[in-house]
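Read through the structure below, which is laid out as structure tokens, and then see the notes.
Residue numbers (the UniProt record's numbering): 1 to 432.
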């Protein structure tokens, strides 16, 4: 148990493209945890999946460098980043704080980390390490957003798309269509409802039930339709924002031919809007590059805040390390006391039998005390002899400080530690 550490493997933007991230995904975060617990020799597991990352965190005594093939066997090695204990903790804190997001400081990731934690709990993947690390990382994320300016201004691609739309046209009293009800589509729809005076938002999605759930949560008039109704919905819309993960365009020329003057913002990757549709004279088209130009400006403004957040993370990681080391020490101490109790119980039983058989009580007690001392000190004695042979003076000094605290440390190191003579085994009465 004491040798187990948190390690992680990440397939995320920056070292993997969208298609690779999708291939790395598990069916769900909960099923991912179950898979990891079965596939990897681990006691705890957590899976974090968003549009831009698929990550696995496991508590194991294995080497983190072997995780890439174990956790993501179908993913090319250059696309998988693996992390040992300290790096895994720091990375999770950075993720929760928004420093690893496409848009620095974006707010959604904190809730997504919380969702991943609950999914891991549901799959019995959370133990003493994750229940310490994950809430601490989430507290760092909360502090980053309340104590620094990391989330000032635009904090998501969806929010940036709405800012772009608001800059290019007056949305007051207008109708908007959001195509896609995934994470990005939800963000766009909520931003339109919360930050503009749009009259109505229509959410279009392949699964109408999902679109209905998104529409029902909006703070404005809203409705839901299937993808086959986009053309009809676009006729009265002044703004169309697409955010799907479809392999082929969902808006072609015929979809927008009957529309009036329309601003179209395509957040799809690959693109959701066909080139022929973008060329229509009444369509003003923007894509992910235009939106990212807005987020880049916001990123630059957050440069100073990033340094402040990194300091929060450094401090949190140091505290976490101390807590985890203390827990490991507590486990070792508990095991030590349990071993001592077993020795005591065994010797009391033997002594009781000898006394009941008429043995001399003082002799029995002395033998029992000798046996307890010998058994308790046998392993430490062997370890100290090995340390002396290896020239490990630090371990010898610790032992002297523990068993002879009045001896000066300077006295311990003034001379080379002599080769220890074998300690004579204590002999009690009645021994041959």
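For glycine and all other residues, C-beta sits at the position ideal for the given N, C-alpha and C.
Can you tell me the Cα-Cα spacing of residue i and residue j, whole angstroms?
i: residue 385; j: residue 393; result: 11 Å
i: residue 151; j: residue 383; result: 53 Å
i: residue 400; j: residue 378; result: 16 Å
i: residue 34; j: residue 60; result: 15 Å
i: residue 321; j: residue 98; result: 21 Å
i: residue 337; j: residue 349; result: 18 Å
i: residue 366; j: residue 341; result: 18 Å
i: residue 140; j: residue 247; result: 37 Å
i: residue 124; j: residue 227; result: 38 Å
i: residue 182; j: residue 330; result: 45 Å
i: residue 249; j: residue 243; result: 11 Å
i: residue 273; j: residue 58; result: 40 Å
i: residue 113; j: residue 136; result: 11 Å
i: residue 263; j: residue 7; result: 46 Å
i: residue 347; j: residue 402; result: 25 Å
i: residue 93; j: residue 317; result: 8 Å
i: residue 170; j: residue 52; result: 31 Å
i: residue 231; j: residue 172; result: 22 Å
i: residue 44; j: residue 17; result: 28 Å
i: residue 111; j: residue 13; result: 19 Å
i: residue 374; j: residue 31; result: 51 Å
i: residue 36; j: residue 353; result: 51 Å
i: residue 269; j: residue 46; result: 27 Å
i: residue 216; j: residue 91; result: 35 Å
i: residue 426; j: residue 370; result: Because the pLDDT at residue 426 is just 40, under 50, the model does not fix this residue reliably, and the point stays unresolved.
i: residue 149; j: residue 328; result: 36 Å
i: residue 296; j: residue 398; result: 54 Å
i: residue 184; j: residue 120; result: 24 Å
i: residue 145; j: residue 15; result: 26 Å
i: residue 404; j: residue 319; result: 31 Å
Give every residue of the same chain whose Cβ lies closer than 6 Å to the Cβ of residue i, excluding the five residues on either side of it in the sequence, and list them in chain order.
i: residue 433; result: The structure shown has nothing for residue 433, since the chain only spans 1 to 432.
i: residue 49; result: 25 and 29
i: residue 5; result: 85
i: residue 261; result: 282
i: residue 415; result: Its pLDDT being 44, under 50, residue 415 is placed unreliably in this model, and the value from its coordinates should be taken loosely. No residues qualify anywhere along the chain.
i: residue 42; result: 58, 59 and 60
Any chance the CB of residue i is under 7 Å from a heavy atom of the ligand GDP?
i: residue 59; result: Questions concerning the ligand GDP fall outside what the structure shown contains, since it holds no ligand whatsoever.
Which one of the options has the shortest CA to CA distance from residue i?
i: residue 143; options: 351, 381, 285 and 310; result: 310
i: residue 95; options: 54, 119 and 71; result: 54
i: residue 118; options: 5, 134 and 317; result: 134
i: residue 300; options: 87, 104, 344 and 36; result: 104
i: residue 147; options: 280, 324, 305 and 347; result: 305
i: residue 312; options: 13, 107 and 138; result: 138
i: residue 193; options: 339, 221, 357 and 288; result: 221
i: residue 219; options: 164, 314, 332 and 190; result: 190
i: residue 372; options: 344, 390, 357 and 31; result: 344
i: residue 254; options: 270, 41, 271 and 229; result: 229
i: residue 339; options: 358, 285 and 376; result: 376
i: residue 258; options: 216, 46, 359 and 236; result: 236
i: residue 87; options: 145, 166 and 314; result: 314
i: residue 286; options: 328, 120 and 165; result: 165
i: residue 107; options: 212, 120, 156 and 122; result: 156
Rounded to the nearest angstrom, how far is the Cβ of residue i from that of residue j, given a contact under 8 Å?
i: residue 109; j: residue 101; result: 6 Å
i: residue 256; j: residue 275; result: The Cβ separation is near 12 Å, so there is no contact.
i: residue 186; j: residue 208; result: That belief does not hold up - the Cβ atoms of residue 186 and residue 208 are roughly 15 Å apart, past 8 Å.
i: residue 39; j: residue 70; result: 7 Å
i: residue 56; j: residue 116; result: In fact, because the Cβ distance is near 10 Å, the residues do not count as touching under 8 Å.
i: residue 280; j: residue 267; result: Incorrect: roughly 19 Å between the Cβ atoms, too far for contact.
i: residue 132; j: residue 324; result: 6 Å
Which residues in the same chain as residue i place their Cβ atom closer than 7 Å to its Cβ, once the five residues preceding and following it in sequence are excluded?
i: residue 233; result: 177, 202, 204 and 225
i: residue 180; result: 205, 242, 243 and 244
i: residue 195; result: 162
i: residue 361; result: 355
i: residue 334; result: none
Report all residues from its chain with a CB closer than 8 Å to the CB of residue i; omit the five preceding and five following residues, and keep chain order.
i: residue 238; result: 169, 171, 174, 175, 176, 260, 261, 262 and 263
i: residue 351; result: 364, 365, 367 and 368
Hey, does residue i have any beta-carbon neighbour from chain D nearer than 8 Å?
i: residue 352; result: The chain labelled as chain D is not found in the depicted structure, where only one protein chain is given.
Do the stretch 52 to 66 and the stretch 78 to 85 make contact, defined as three or more Cβ pairs closer than 8 Å? yes
Taking 8 Å as the cut-off, does the stretch 189 to 202 touch the stretch 119 to 134 (at least 3 CB pairs, one atom from each stretch)? no
Inspect the CB distances between the stretch 19 to 35 and the stretch 69 to 79 and report whether three or more fall short of 8 Å. yes
The stretch 156 to 173 in contact with the stretch 290 to 307 per 3-pair CB rule at 8 Å: These segments touch.
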